[in-house]
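Visitor: Residue numbers (our numbering), protein chains in the order written: chain Y, 104 to 512; chain V, 104 to 512.
There are 2 protein chains.
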Amino acid sequence: MSQTRVVIIGGGFGGLTAARALRHSHVTLIDRANHHLFQPLLYQVATAALSPGDIAWPLRTVFRTQPNVHVMMDDVVAIDRSRRVVHLQQSHPVGFDVLIVAPGSRHAYFGHEEWESCAPGMKTMTDAVRLREKMLMAFEEAERHRTTHGSSPRLSFVIVGGGPTGVELAGALAEIGRKAMKPDYPHLHTESLSIILVEAGPRILPGFDSTLSAKAAGALTHMGVTVKLNSLVTDVTPDGVQIGAEWMPSKHTIWAAGNRASPLLNTLTAPQDSAGRVRVQPDLTIPDEPWIFVIGDAAHCPGRDGSVLPGVAPVAMQQGRYVAGLINHHLIPAKRLPFVYSDRGMLATIGRAHAVAQFGPIHASGFLAWALWCVVHIFFLIGMRNRVRVMSEWVWYYLTFKPGARVLY
Amino acid sequence: MSQTRVVIIGGGFGGLTAARALRHSHVTLIDRANHHLFQPLLYQVATAALSPGDIAWPLRTVFRTQPNVHVMMDDVVAIDRSRRVVHLQQSHPVGFDVLIVAPGSRHAYFGHEEWESCAPGMKTMTDAVRLREKMLMAFEEAERHRTTHGSSPRLSFVIVGGGPTGVELAGALAEIGRKAMKPDYPHLHTESLSIILVEAGPRILPGFDSTLSAKAAGALTHMGVTVKLNSLVTDVTPDGVQIGAEWMPSKHTIWAAGNRASPLLNTLTAPQDSAGRVRVQPDLTIPDEPWIFVIGDAAHCPGRDGSVLPGVAPVAMQQGRYVAGLINHHLIPAKRLPFVYSDRGMLATIGRAHAVAQFGPIHASGFLAWALWCVVHIFFLIGMRNRVRVMSEWVWYYLTFKPGARVLY
Numbered sequence: 104m105s106q107t108r109v110v111i112i113g114g115g116f117g118g119l120t121a122a123r124a125l126r127h128s129h130v131t132l133i134d135r136a137n138h139h140l141f142q143p144l145l146y147q148v149a150t151a152a153l154s155p156g157d158i159a160w161p162l163r164t165v166f167r168t169q170p171n172v173h174v175m176m177d178d179v180v181a182i183d184r185s186r187r188v189v190h191l192q193q194s195h196p197v198g199f200d201v202l203i204v205a206p207g208s209r210h211a212y213f214g215h216e217e218w219e220s221c222a223p224g225m226k227t228m229t230d231a232v233r234l235r236e237k238m239l240m241a242f243e244e245a246e247r248h249r250t251t252h253g254s255s256p257r258l259s260f261v262i263v264g265g266g267p268t269g270v271e272l273a274g275a276l277a278e279i280g281r282k283a284m285k286p287d288y289p290h291l292h293t294e295s296l297s298i299i300l301v302e303a304g305p306r307i308l309p310g311f312d313s314t315l316s317a318k319a320a321g322a323l324t325h326m327g328v329t330v331k332l333n334s335l336v337t338d339v340t341p342d343g344v345q346i347g348a349e350w351m352p353s354k355h356t357i358w359a360a361g362n363r364a365s366p367l368l369n370t371l372t373a374p375q376d377s378a379g380r381v382r383v384q385p386d387l388t389i390p391d392e393p394w395i396f397v398i399g400d401a402a403h404c405p406g407r408d409g410s411v412l413p414g415v416a417p418v419a420m421q422q423g424r425y426v427a428g429l430i431n432h433h434l435i436p437a438k439r440l441p442f443v444y445s446d447r448g449m450l451a452t453i454g455r456a457h458a459v460a461q462f463g464p465i466h467a468s469g470f471l472a473w474a475l476w477c478v479v480h481i482f483f484l485i486g487m488r489n490r491v492r493v494m495s496e497w498v499w500y501y502l503t504f505k506p507g508a509r510v511l512y
Numbered sequence: 104m105s106q107t108r109v110v111i112i113g114g115g116f117g118g119l120t121a122a123r124a125l126r127h128s129h130v131t132l133i134d135r136a137n138h139h140l141f142q143p144l145l146y147q148v149a150t151a152a153l154s155p156g157d158i159a160w161p162l163r164t165v166f167r168t169q170p171n172v173h174v175m176m177d178d179v180v181a182i183d184r185s186r187r188v189v190h191l192q193q194s195h196p197v198g199f200d201v202l203i204v205a206p207g208s209r210h211a212y213f214g215h216e217e218w219e220s221c222a223p224g225m226k227t228m229t230d231a232v233r234l235r236e237k238m239l240m241a242f243e244e245a246e247r248h249r250t251t252h253g254s255s256p257r258l259s260f261v262i263v264g265g266g267p268t269g270v271e272l273a274g275a276l277a278e279i280g281r282k283a284m285k286p287d288y289p290h291l292h293t294e295s296l297s298i299i300l301v302e303a304g305p306r307i308l309p310g311f312d313s314t315l316s317a318k319a320a321g322a323l324t325h326m327g328v329t330v331k332l333n334s335l336v337t338d339v340t341p342d343g344v345q346i347g348a349e350w351m352p353s354k355h356t357i358w359a360a361g362n363r364a365s366p367l368l369n370t371l372t373a374p375q376d377s378a379g380r381v382r383v384q385p386d387l388t389i390p391d392e393p394w395i396f397v398i399g400d401a402a403h404c405p406g407r408d409g410s411v412l413p414g415v416a417p418v419a420m421q422q423g424r425y426v427a428g429l430i431n432h433h434l435i436p437a438k439r440l441p442f443v444y445s446d447r448g449m450l451a452t453i454g455r456a457h458a459v460a461q462f463g464p465i466h467a468s469g470f471l472a473w474a475l476w477c478v479v480h481i482f483f484l485i486g487m488r489n490r491v492r493v494m495s496e497w498v499w500y501y502l503t504f505k506p507g508a509r510v511l512y
């Protein structure tokens with residue numbers, strides 16, 4: 104009996120976890136990048152606190168010890184359900200018996216895709232490195248302006264979107280601006296640095312309890328971030344952002360609002376929601392296809408209380424593990440239990456040593472929450488051999504404001 | 104009495120050392136990059152053994168504790184001797200009482216500048232990162248080819264130039280290809296990987312004793328590198344390299360031959376040699392200008408035996424320190440002793456733990472020479488606080504074949 108051919112699209116949290124749990128199948132993991140990206144820390148690359156190589160691992164290296172997993176670096180352009188193949192950009196089509204679709208998502212610009220050039224998002228390593236370059240160059244230009252004209256110009260960063268990504272970016276930017284960069288630019292007045300977080304709704308971190316949202320907003324304000332609530336962005340230009348009647352000048356706008364599922368999903372011809380996510384069955388398959396799964400933030404998957412599961416790492420990882428279990432045990436649909444997400448809580452960091460965390464009824468904030476976040480995030484992901492090393496590296500970088508991350512090239 | 108205004112062009116070994124030794128002047132250090140680059144290890148970034156942030160330090164961070172040094176990130180386009188100003192690309196001109204010109208050099212293509220696009224060199228961080236990308240993509244393409252066509256294509260890298268840079272690159276490439284990459288590409292046959300080092304003269308490392316040159320060539324051959332001597336490159340195209348009558352197909356050619364001094368030096372209107380280097384006086388000044396110095400590989404400076412001092416880090420550093428001494432003590436030309444280079448020997452690494460070293464009559468090779476190289480290179484350069492950290496990091500990376508350096512973005 105030949106091995107089951109499993110094709111996994113995407114080497115993110117969902118795809119990686121599934122591949123690592125599949126030991127008896129012939130697995131082909133396809134990703135357009137050559138690495139797995141630890142996305143929760145991407146904002147730290149963008150704010151030059153960590154280097155790219157600190158939060159990404161080459162996929163081939165991750166699967167060195169798993170000879171059943173074959174990694175391909177390529178773009179998947181279409182999925183052909185009837186012929187059971189995926190079509191790639193550069194290589195020949197790859198056939199599958201089982202397909203796991205985990206391509207992740209991009210940012211949504213709510214119909215205004217033209218805003219993307221003035222307000223880039225932060226989903227991939229390339230995004231983060233470009234933002235880092237923008238940020239460092241902004242400081243250099245301000246310093247040059249001061250040298251030439253004798254005064255500090257106003258340096259404004261606007262972040263659109265008050266979810267965890269926006270909050271973490273705002274906090275990190277404020278901290279880098281005031282603490283790590285200030286010694287390097289002693290003549291720039293930190294008063295001339297302004298960071299504005301713009302949220303359309305009535306509170307930031309809407310997925311959290313309102314007390315924690317308030318705590319997070321307080322912490323950000325204390326760090327010098329201006330938090331604007333109930334503020335819907337109506338236009339974005341290279342010179343600033345329009346928020347209703349208010350014009351906010353800024354040459355540095357970062358987009359952290361909304362998610363748009365990968366257009367690849369359209370080729371599945373399965374029901375999708377308004378954000379493009381595939382409406383999956385209780386066993387994470389698409390209708391009429393017991394061996395085609397969609398997981399991660401590409402999937403519209405209802406949680407226990409009926410609301411949609413968020414597009415966060417722990418959800419994708421549990422889904423990956425669940426699907427791998429079905430495959431490993433060759434469970435036909437009749438024998439499958441539905442996927443149930445075991446809520447391990449939510450965490451968002453604000454700056455270097457502060458976070459808000461929510462585990463069911465338990466709320467936590469401050470340094471302890473942050474320390475917990477570090478441990479939880481890393482624990483389930485990479486091999487034991489690496490855990491200690493990565494954690495001690497991160498602690499060291501945190502303490503020393505790793506200067507190498509600020510190198511421009 | 105107002106402070107002496109010293110302008111230093113270039114934050115490399117020469118400029119950095121001079122700036123660190125100048126404690127009593129008002130110093131403006133200008134570099135087009137925002138970092139000091141530890142060039143001896145650049146080939147390790149190119150071969151994905153180290154990350155950019157491991158071998159570069161933001162200049163502003165280096166000078167945090169020296170308030171008399173002001174860093175500017177800009178390009179110097181011209182030097183105006185008569186008006187005592189340097190003209191910059193983006194900022195207003197900067198006036199000087201004392202000028203230290205240390206701009207470094209680029210590669211020479213011996214009149215064939217059009218070869219640069221097919222055979223890039225490796226002088227800046229940007230160069231090294233691009234080479235790394237080429238190398239990693241070459242492996243990915245070879246793997247894709249094998250997957251699609253079932254056979255391993257021939258993967259050829261040609262390095263032109265048998266000096267220390269070319270030798271170190273060839274050795275590192277061979278090692279990365281066979282050791283670090285092989286586990287990631289288990290289906291690629293290492294026999295299909297060929298690395299060729301092309302040298303126009305009769306031996307590699309011509310600056311070293313001939314016994315050591317032979318040892319180095321032997322070590323390279325043992326690692327799988329093909330060393331071609333007495334081979335002058337007569338043409339370079341995207342598909343290969345012409346060596347006399349022999350055509351060598353290669354899509355990956357790297358240039359490590361020859362140095363060409365920065366064109367900025369032409370604006371000094373001082374005597375130059377055929378490589379464009381400024382012919383300096385015994386006190387490293389240009390004729391008729393007792394307070395304009397040229398140091399590093401931009402300077403044509405005769406050594407004790409009459410031959411020109413090589414463009415290596417220790418020479419630039421000693422020159423930087425010498426010039427700072429003249430400035431600190433306000434020594435007029437009549438009171439200056441000529442610059443004398445104290446030869447601390449030469450070192451070239453071949454692969455991960457092998458090197459050849461020459462200190463006067465003492466020759467060394469193998470692991471001990473390599474260990475010595477690490478210590479010598481780092482000891483004189485950066486602050487004590489960093490030395491231990493950087494050295495232990497490098498040792499760790501060496502032992503673990505740092506995978507983060509192989510992340511493509």
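Even for Gly, the Cβ is constructed at its ideal location relative to N, Cα and C.
1) Take L236 (chain V) and list the residues in its own chain whose beta-carbon comes closer than 8 Å to its own, dropping the five residues that flank it on each side.
2) Tell me whether the beta-carbon of V270 (chain V) lies closer than 8 Å to the beta-carbon of V301 (chain V).
3) Taking its Cβ as the centre, do 16 or more other Cβ atoms sit within 10 Å of F470 (chain V), making it buried, or is it exposed?
4) Given 8 Å as the limit, is there contact between the segment 230-249 of chain V and the segment 117-127 of chain V, that is, 3 or more CB pairs closer than that?
5) Along chain V, which residues have their Cβ under 7 Å away from the Cβ of A508 (chain Y)?
6) Confirm, please, whether the CB-CB distance from M225 (chain Y) to R268 (chain Y) is below 8 Å.
7) Where do the ends of the beta strand (DSSP E) carrying L539 (chain Y) lie?
8) For W160 (chain V), decide whether its Cβ has a neighbour in chain Y, counting only Cβ atoms nearer than 8 Å.
9) Quick one: Cα of R149 (chain V) to Cα of S410 (chain Y), how far?
10) Buried or exposed: where does I182 (chain V) fall if 16 or more other Cβ atoms within 10 Å of its Cβ makes it buried?
11) Please name the residues in the segment 182-210 of chain Y whose beta-carbon is closer than 8 Å to at least one beta-carbon of chain V, in chain order.
12) Which parts of the segment 330-416 of chain V are runs of the beta strand (DSSP E), unbroken and 3 residues or longer, counting only runs that do not cross its ends?
13) Compare the C-beta of M228 (chain V) with all C-beta atoms of chain Y and state if any pair is closer than 8 Å.
14) From F462 (chain Y) to A322 (chain Y), what does the alpha carbon distance come to, in whole angstroms?
15) Which residue spans inside the segment 211-284 of chain V form an unbroken alpha helix (DSSP H) run of at least 4?
16) Anyone know if the C-beta pair for P506 (chain V) and P143 (chain Y) falls short of 8 Å?
17) Quick check: what's the CA-CA separation for T370 (chain Y) versus D134 (chain Y)?
18) Of all the options Y:A205, Y:P341, Y:V179, Y:A211, which has the alpha carbon lying nearest to the alpha carbon of Q193 (chain Y)?
19) Can you round the beta-carbon distance between D400 (chain Y) and S208 (chain Y) to whole angstroms, since I take them to be within the 8 Å contact cut?
20) Considering only their Cβ atoms, is the gap separating A275 (chain Y) from G454 (chain Y) smaller than 8 Å?
21) So, at 6 Å on beta carbons, what are the nonlocal neighbours of I158 (chain V) in its own chain, with the 5 sequence-adjacent residues on each side left out?
22) Can you tell me which of the three DSSP states S313 (chain Y) falls into?
23) Output the distance between the C-alpha atoms of S377 (chain V) and C221 (chain V), rounded to the nearest integer angstrom.
24) List the residues of chain V whose Cβ lies closer than 7 Å to the Cβ of N171 (chain Y), in chain order.
25) Can you grab the Cα-Cα spacing for the pair M104 (chain V) / V336 (chain V), in whole Å?
26) For Q169 (chain V), which of helix, strand or coil comes out of DSSP?
27) What does DSSP give as the partner residues of T452 (chain V) in its beta bridges?
28) Using a Cβ cut-off of 9 Å, pull out every chain C residue sitting near H215 (chain V), in sequence order please.
29) Going by the C-beta, is L412 (chain Y) closer than 7 Å to any heavy atom of the ligand MG?
30) Quick one: Cα of P196 (chain Y) to Cα of H190 (chain V), how far?
31) What are the residues that DSSP puts in a beta bridge with R209 (chain V)?
32) Give the interface partners of H355 (chain Y) over in chain V, defined as CB-CB distance under 9 Å, in chain order.
33) Is there a Cβ from chain V that is less than 8 Å from the Cβ of E243 (chain Y)?
34) So which residues of chain Y does P286 (chain V) contact, with C-beta pairs closer than 7 Å?
35) Quick one: list the residues of chain Y neighbouring N137 (chain V), beta-carbon separation under 8 Å, in chain order.
36) Cβ closer than 7 Å: which chain V residues qualify as neighbours of V261 (chain Y)?
Guide: From the atom records:
1) Here residue 236 (chain V) turns out to be Glu, not Leu, going by the sequence shown. Closer than 8 Å at Cβ, skipping near neighbours: L511.
2) No. Outside cutoff.
3) Its Cβ having fewer than 16 others within 10 Å, F470 (chain V) is exposed.
4) As far as the Cβ criterion goes, the segment 230-249 of chain V does not touch the segment 117-127 of chain V, which means the pair count is below three.
5) Neighbours of A508 (chain Y) on chain V, chain order: G156.
6) Rather than Arg, the amino acid found at residue 268 (chain Y) in this sequence is Thr. A distance below 8 Å separates the beta carbons of T268 (chain Y) and M225 (chain Y).
7) Here chain Y comprises residues numbered 104 to 512, so residue 539 (chain Y) is not present and cannot be evaluated.
8) Yes, because at least one Cβ of chain Y sits closer than 8 Å to the Cβ of W160 (chain V).
9) For clarity, residue 149 (chain V) is Ala in the given sequence; the question names Arg instead. When rounded, the separation of the alpha-carbon atoms in A149 (chain V) and S410 (chain Y) is 48 Å.
10) Result: buried.
11) Going along the segment 182-210 of chain Y in chain order, one finds Q193, S194, H195 with a Cβ nearer than 8 Å to chain V.
12) If we require 3 residues or more, the beta strand (DSSP E) runs fully inside the segment 330-416 of chain V come out as 336-340, 343-346, 349-352, 355-358, 362-364, 392-397.
13) Nearest CB-CB separation between M228 (chain V) and chain Y: below the 8 Å threshold.
14) It is roughly 20 Å from the alpha-carbon of F462 (chain Y) to the alpha-carbon of A322 (chain Y).
15) The segment 211-284 of chain V contains these whole alpha helix (DSSP H) runs: 228-252, 267-278.
16) No, Cβ-Cβ distance for P506 (chain V) and P143 (chain Y) is not below 8 Å.
17) So the alpha carbons of these two residues sit roughly 17 Å apart.
18) The shortest C-alpha separation from Q193 (chain Y) is found at Y:V179.
19) Taking 8 Å as the upper bound for CB-CB distance, D400 (chain Y) and S208 (chain Y) are in contact here, some 5 Å apart.
20) Result yes, Cβ atoms of G454 (chain Y) and A275 (chain Y) sit closer than 8 Å.
21) F141, L144.
22) Three-state DSSP puts S313 (chain Y) in a helix.
23) Distance between the alpha carbons of S377 (chain V) and C221 (chain V): 25 Å.
24) What N171 (chain Y) touches in chain V: nothing, since even the nearest Cβ is about 12 Å away.
25) Residue confidence for M104 (chain V) is low, a pLDDT of 49 falling below 50, so the modelled location carries little weight and cannot support an answer.
26) Q169 (chain V): coil per DSSP, three-state reduction.
27) T452 (chain V) is bridged to V:A458.
28) Absent from the structure: chain C. Protein chains present are Y and V.
29) The ligand MG is absent from the structure shown, which contains no ligands of any kind.
30) Cα to Cα, the separation comes out at about 57 Å.
31) Beta-bridge pairing links R209 (chain V) to V:R363.
32) Taking a Cβ-Cβ cut-off of 9 Å, H355 (chain Y) has no neighbours in chain V, whose nearest Cβ is about 17 Å from it.
33) At least one chain V Cβ lies under 8 Å of E243 (chain Y).
34) Those within 7 Å of P286 (chain V) in chain Y are R167.
35) Here the neighbours are L239, E243, R509, V510, L511.
36) Ordered by position in chain V, no residue passes the 7 Å Cβ test against V261 (chain Y), which lies about 24 Å from the chain.
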